[in-house]
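Let me begin by presenting the structure, written as structure tokens, before commenting on it.
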DNA sequence: GGCCAACATGTAGTAAAATTACACCAATAA
DNA sequence: TTATTGGTGTAATTTTACTACATGTTGGCC
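Residue numbers (the numbering used here), protein chains in the order written: chain Y, 93 to 365; chain P, 93 to 365.
Following this line, the structure appears as structure tokens:
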């Protein structure tokens, strides 16, 4: 959580940045401070603090308190430091691994606030599911597709803008569109989300909570953006997305009950030697 | 905290005991419920709930929320237990996440025994790199390809047997073939490895160390096989492979020095808005 | 049985805290 | 200049936790 905040700092307005700084410097006190006092402490107004919370992907000030106590009571190993050009190869490799582990741990701690049950319900009765992603997320999409289709639900993966928009334009009410994007900045994604939602389809987004795509989605799985401070920084957030999709996949399989076990076992048997 | 509550239960009045019971049965929801809703849920009044809090040694209702989130995000090491059909969705999701984290942690601890430097040397002077994988590993392969080509080295990804064999048959001494396989059981992979090695190419394998593919490779990155005891078990080993490739990628970029930063920055700039 | 005491519980009010709506101001582009 | 946008604060609204007080309910004692 603190990491999420410090990552968000650069793209916040001055007053909000003061709030972020104060929290990072006084995490203990921040955990159960009141809105009014925090505002006074940072020499700003209450709404600004609330806006700050929204910008770092929280629902409101109350959630901030919850997330902070959570963060403070879970030990943080595997802290991520940037890879620097004069690292030895082995140093660098360990740092990258730590960053990956860290991003998974962060995601784990946020699982409780994600709409997993809702997503499972939507997918369970879906006519078809489409996974859409560009670039690196495109691979995540096809991986997810490859995984979910084994549950017996028609799946497809879309990895270019025209296809995504076309798909969105012909969705039906019980279709599910899963949008994968790290930054959430692609305007066409937001457009596709709006389009699909207008036609009654469910739009699930795994993306930066502070983005147009996130705002247009019917269900949002917030994925913190790793700001690329260094060109060497790998795409750990992609790992987190994959793991999250794994988790949703299993939850869906459970919800399907016998059908799923049956389908999974059959598709595994087909690969036997 | 939950223990404290159940300990206190017997010496509480009936209504307060209902409150205690409900909290123990729904700890997750209890962590960020409102006073009014909790009272309604237990069919009692708000002051009773507050009195309950006082009786279990808390200052008030607000403190209850804090203590609960603390208790819930407690250490709980990331030990993996299999997902069972009668898990609730949230239980299952956490287990899957834990399994993923665990497999990354395991891989991290084995990094020192992996031939990273050798792999980097081979790749640095490679004429081309091909990543080969079938099924789920196919996605890992194309992901890796997408990542490494940005370092300026010609890359390709192969995801079916004929292509892999054909590629192996025409390799040249400074080509690198990266084989991705969970089990290492595909005989054709071992054949491709032998073929490519005979023509002088470097064969790097990310696979089960106890397999034919592993034995044929010139460089081996051992990836522990997760035995699929349950159909629900997700593909955490694939995550580990991805993370490992991330790490190698960064190590290679460092070894390339300025060239790599330059290439990476350029390919990033190409996506700017 | 009637009366009192102690406790349990709920009603209604209060103070504080979070959130929202709206207005203002400064910086920037037309 | 004027319009527009984004950042910010003021003030009103709603929600939330807590408190004071009233009402019942039980159990003992005369």
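For every residue, glycine included, the Cβ atom is placed at its ideal position computed from N, Cα and C.
### Task
Give the straight-line distance between the Cα atoms of residue 121/P and residue 316/P, rounded to the nearest whole angstrom.
38 Å
### Query
At a CB-CB cut-off below 8 Å, which residues of chain Y make contact with residue 120/P?
204
#### Entry: Whole-angstrom distance between residue 240/P and residue 223/P, CA atom to CA atom
10 Å
### Query
Going by the CB atoms, is the gap between residue 339/P and residue 189/Y shorter than 8 Å?
yes
### Query
Mind checking if residue 263/Y is an interface residue toward chain P, Cβ cutoff 8 Å exclusive?
no
### Task
Give the DSSP-derived three-state secondary structure of residue 229/Y in the structure shown.
helix
### Task
Using a Cβ-Cβ cut-off of 8 Å, state whether residue 255/Y counts as contacting chain P.
no
### Query
In whole angstroms, what is the alpha-carbon distance linking residue 278/Y and residue 305/Y?
8 Å
### Query
Between which two residues does the beta strand (DSSP E) carrying residue 313/P extend?
311–314
### Message
Let me confirm a value: residue 246/Y is counted as buried when at least 16 other C-beta atoms fall within 10 Å, else exposed. Which label applies?
### Response
exposed
### Query
Is the shortest distance between the beta-carbon of residue 331/P and the beta-carbons of chain Y less than 8 Å?
yes
### Query
Taking the DSSP output, what are the residues bridged to residue 247/P?
221/P
### 8 Å Cβ cutoff met for residue 185/P and residue 271/Y
no
### Task
May I have the straight-line CA-CA distance separating residue 192/P from residue 102/Y, to the nearest angstrom?
31 Å
### Message
Using a Cβ-Cβ distance cut-off of 8 Å, determine whether residue 193/Y contacts chain P.
### Response
yes
### Query
residue 180/P to residue 221/P, Cα distance in whole Å?
44 Å
### Message
By the DSSP assignment, the beta strand (DSSP E) with residue 296/Y in it spans what residues?
### Response
294–299
### Task
Using three-state DSSP, classify residue 183/Y as helix, strand or coil.
helix
### Coil, strand or helix - residue 267/Y by DSSP
strand
### Query
the segment 227–244 of chain Y: which residues have C-beta closer than 7 Å to a C-beta of chain P, in chain order?
228, 231, 234, 235, 238
### Task
Taking only heavy atoms of the ligand PLP into account, decide whether any of them is closer than 7 Å to the Cβ of residue 99/P.
As presented, the structure is devoid of all ligands, the ligand PLP included, so that no description of it is given.
### Query
Mind pulling the chain Y residues with CB within less than 7 Å of residue 188/P?
338, 339, 342
### Query
Given a limit of 7 Å on CB to CB distance, which residues of the segment 136–149 of chain P reach chain Y?
none
### Query
Are any of the Cβ atoms in chain Y nearer than 8 Å to that of residue 221/P?
no
### Task
Spell out whether any CB of chain P is found under 8 Å from the CB atom of residue 182/Y.
yes
#### Entry: CA-to-CA distance, residue 232/Y to residue 110/Y, given in whole angstroms
36 Å
### Query
Taking all protein chains shown into account, do 16 or more other C-beta atoms lie within 10 angstroms of the C-beta of residue 137/P, making it buried, or fewer, making it exposed?
exposed
### Query
With a cut-off of 8 Å, do at least 3 Cβ pairs link the segment 260–274 of chain P to the segment 258–266 of chain Y?
no
### Message
Within a Cβ cutoff of 8 Å, which residues of the same chain sit near residue 228/P, ignoring the five residues on either side of it in sequence?
### Response
274, 327, 330
#### Entry: Local conformation of residue 104/P per DSSP, three classes
coil
#### Entry: Below-8 Å beta-carbon distance, residue 304/P vs any chain Y residue
no
### Query
Just checking my contact of residue 196/Y with residue 335/Y at CB under 8 Å: how many whole Å lie between their CB atoms?
6 Å
#### Entry: Nearest candidate by alpha-carbon position, reference residue 351/P, set 115/P, 194/P, 216/P
216/P
### Message
My output table needs one value for residue 383/Y: the three-state DSSP class, helix, strand or coil.
### Response
The displayed coordinates of chain Y run from 93 to 365. Any statement about residue 383/Y would go beyond what the structure contains.
#### Entry: Neighbour flag for residue 209/Y against chain P, beta carbons, 8 Å
yes
### Task
Measuring only between beta-carbons, confirm whether residue 321/Y sits less than 8 Å from chain P.
Interpretation of residue 321/Y is limited by its pLDDT of 49, a score under 50 that renders its predicted location unreliable; no figure is taken from the coordinates.
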